[in-house]
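*Asks:*
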């Protein structure tokens, strides 16, 4: 049976993602909470908890499509975060994947 979390845990996960992960543009960091992407990422990651934190993080970051320039360009979130942020997301997800 895949691990599942209740709405309170999903809210905690969303807050952890919102405050810790960011999109990096030049020297500017836009936190996912401010960008409105934290909850979507939490939900996408939750869908893959049974496969472990690494897979949940990778699949979640690939699944979230970020519209730039009013939708003129669309990129997966994985292309917009610095590499070390992937490991931060894995660390955030680890307790939920057990």
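Residue numbers (the working numbering): 11 to 108. Even for Gly, the Cβ is constructed at its ideal location relative to N, Cα and C.
Counting along the chain, where does the beta strand (DSSP E) carrying residue 102 start and finish?
*Replies:* Premise fails: residue 102 lies in the alpha helix (DSSP H), 93-103, not in any beta strand (DSSP E).
*Asks:* Flag this pair as touching only if the segment 75-86 and the segment 95-106 have three or more C-beta atom pairs under 8 Å; answer yes or no.
*Replies:* Touching, no, given that fewer than three Cβ pairs across the two stretches are closer than 8 Å.
*Asks:* Hey, how far is the Cα of residue 35 from the Cα of residue 41?
*Replies:* Rounded to the nearest angstrom, the two C-alpha atoms are 11 Å apart.
*Asks:* Under the rule that 16 or more other beta-carbon atoms within 10 Å means buried, what is residue 97, buried or exposed?
*Replies:* Residue 97 should be labelled exposed.
*Asks:* Would you kindly work out how many angstroms separate the C-alpha atoms of residue 88 and residue 68, rounded to a whole number?
*Replies:* Going by the C-alpha atoms only, they are around 8 Å apart.
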